[in-house]
Every structure is written in C-alpha cells, then in structure tokens.
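Residue numbers (the UniProt record's numbering): 1 to 278.
Structure (structure tokens):
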C-alpha cells in the first residue's frame with residue numbers, strides 16, 4: 001500500500017459509540033485518519049461527498065437514512081463525478097448491535113461489520129480485511145485466489161431484506177422502454193447484455209438491438225435484480241449470464257467479454273473483487 005494515510009468517515013447517531021469506536025481504532029490502526037463524523041445517514045452521505053474518503057463506518061440503524069440506505073447512495077457517488085476524477089467507491093464497514101440477520105451476509109460480502117460495543121480483537125480482524133482490500137485495489141493485476149464475494153449492490157439488497165423481513169419481495173424491472181432509431185421499443189430486461197452510460201444517455205445493448213434510454217446507471221442499480229446485473233464500473237452494468245470471460249489489457253485492467261459481441265467492458269478497480277482468481 002502507498003504511504004498516503006487512509007482517510008475515513010464515521011457515522012453513528014450515538015455520540016458515545018462514535019467516541020468508543022474512534023478510541024478503539026486509534027489503538028488498532030493508529031495511522032488511520034478519521035476526517036469527519038456524522039450523526040445520521042444523510043450527514044454520512046454529505047460528508048462522503050465532501051471528503052471522498054477511502055473508508056466509511058456506518059451505523060446500520062440511523063435516523064434519516066439507515067446505514068444500508070446511506071451505503072446505497074454512497075456506492076453511486078463516483079458516477080456523479082467527472083470522468084477524470086479517479087475517486088472510487090469507499091470500503092464500507094457497518095456498525096451494528098444486531099448480528100442475527102447480518103453476519104452471514106457480511107462474511108460473504110464486500111463490506112465488513114463491527115458489533116457494538118467495538119471489541120479490540122474483532123476490530124483487528126476488520127482492519128486486516130480492509131487493508132487487504134485496499135491493497136488489492138492498488139494491485140489490480142495481481143492473481144488473487146480467494147473466491148469472489150457477492151457484488152456490493154446484492155449485499156445491500158440482502159441486508160435491506162434482513163432489516164425488514166416482513167417487507168414485500170422487491171419488484172425489479174421486467175421491461176425497458178427504449179429508443180431504437182425513431183421508434184420506441186419494449187425490451188425484456190433478461191435480453192439486455194449490458195447497460196453503459198455517457199453524460200446524457202444510457203445505452204441498452206442486446207444481442208440484436210442497441211437502444212438508448214435517459215435513466216442513469218445509479219437509478220438502474222436499484223431497479224434491476226442485483227443477482228442478474230452486476231455493476232462493474234461507475235457507468236456500466238452487465239448481465240452476469242452474458243459474461244463470456246475476463247481478460248487483462250497491457251495496463252493490467254480487467255476487461256469483460258460479452259457473449260456474441262467483440263466489444264469488451266472495462267472493470268474499474270472498485271469492482272475487481274467480482275472476478276478474483278480469473
């Protein structure tokens with residue numbers, strides 16, 4: 001890892017919990033720079049926008065926005081930045097007093113968790129995991145043998161369901177109404193190979209049709225089934241069933257091949273974990 005200090009934002013609606021976590025982090029990760037603290041989910045999102053940290057600690061239950069809702073907004077913030085801004089989705093650690101619905105999901109996911117009150121040994125494990133993931137971001141061409149965790153958006157959907165187990169099953173988009181030439185066409189979502197956005201439009205690509213819609217990627221992420229569509233870049237969602245393989249270019253960047261097409265889709269460093277070992 002580089003010598004640049006890792007910068008973090010911490011958000012919890014309980015002042016004593018923020019102080020306790022900060023104290024524990026000082027013990028186990030003294031070089032960590034906590035640049036800001038928030039009291040709710042809305043503050044957390046705004047502080048992340050302002051400071052662009054490498055790491056965010058979010059209380060999973062906060063007023064305004066829950067930690068999960070805040071994380072979903074934070075995960076889409078890089079998409080609002082100019083293309084030449086290389087800030088990536090920060091690593092996310094949830095602070096929770098409730099482990100019955102969350103621990104299994106966290107253990108398999110791309111986020112981590114700390115149980116209240118923060119215990120030194122468990123926090124050391126979390127810190128080790130975060131350091132490893134941040135190091136992997138700086139070495140995207142390395143060969144990692146770990147099995148790939150679930151995509152971030154899939155984990156957040158799962159956590160949302162765990163927090164509201166009685167809630168109705170989410171209804172994902174089944175059709176896309178898109179412009180093809182001068183006509184409007186209804187495209188079944190399952191036929192879409194990928195979505196890719198520029199500043200104004202989102203391209204909808206199927207095996208037979210290329211169409212345009214005005215809906216941005218950050219909205220599509222919440223409306224599409226996260227088990228079917230994986231976000232691989234701030235501007236790209238790919239149908240997991242359409243992935244033909246993963247290659248690397250001369251710069252070490254991962255490129256996704258799509259079945260039936262010669263076009264390759266770039267994977268940004270924030271999403272290389274999806275294809276570990278490939």
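Glycine residues also receive a C-beta, built at the ideal position from the N, C-alpha and C atoms. None of the values given here were measured: they were computed from a predicted structure.
How would you label residue i, buried or exposed, when you count the other beta carbons within 10 angstroms and need 16 or more for buried?
| i | result |
| --- | --- |
| residue 234 | buried |
| residue 147 | No answer about residue 147 holds up, because its pLDDT of 40 lies below 50 and its placement is not dependable. |
| residue 232 | buried |
| residue 69 | buried |
| residue 188 | exposed |
| residue 229 | buried |
Less than 8 Å between the beta carbons of residue i and residue j, yes or no?
| i | j | result |
| --- | --- | --- |
| residue 238 | residue 254 | no |
| residue 22 | residue 34 | yes |
| residue 54 | residue 91 | yes |
| residue 24 | residue 123 | yes |
| residue 269 | residue 88 | yes |
| residue 282 | residue 244 | A query on residue 282 cannot be resolved here, the shown segment of the chain reaching from 1 to 278 and no further. |
| residue 56 | residue 74 | yes |
| residue 261 | residue 156 | no |
| residue 20 | residue 111 | no |
| residue 115 | residue 128 | no |
| residue 284 | residue 45 | Examination of residue 284 is not possible in this model, given that the chain is present from 1 through 278 alone. |
To the nearest angstrom, report how far apart residue i and residue j are at their CA atoms.
| i | j | result |
| --- | --- | --- |
| residue 43 | residue 11 | 8 Å |
| residue 248 | residue 13 | 43 Å |
| residue 18 | residue 72 | 21 Å |
| residue 227 | residue 206 | 18 Å |
| residue 38 | residue 9 | 8 Å |
| residue 177 | residue 191 | 13 Å |
| residue 216 | residue 223 | 11 Å |
| residue 200 | residue 236 | 14 Å |
| residue 95 | residue 171 | 28 Å |
| residue 274 | residue 182 | 37 Å |
| residue 86 | residue 26 | 28 Å |
| residue 175 | residue 40 | 36 Å |
| residue 3 | residue 219 | 36 Å |
| residue 132 | residue 126 | 10 Å |
| residue 28 | residue 136 | 21 Å |
| residue 250 | residue 256 | 15 Å |
| residue 32 | residue 134 | 13 Å |
| residue 241 | residue 225 | 12 Å |
| residue 140 | residue 246 | With a pLDDT of only 48 at residue 140, under 50, the local geometry of the prediction cannot be trusted, and the value read off the model is given with reservation. Roughly 13 Å separates the two Cα atoms. |
| residue 121 | residue 252 | 36 Å |
For residue i, tell me which candidate among the options has the shortest Cα-Cα distance.
| i | options | result |
| --- | --- | --- |
| residue 195 | 264, 63, 94 and 65 | 264 |
| residue 67 | 50, 113, 32 and 86 | 113 |
| residue 185 | 172, 171 and 210 | 210 |
| residue 214 | 180, 86 and 125 | 180 |
| residue 50 | 65, 173 and 77 | 77 |
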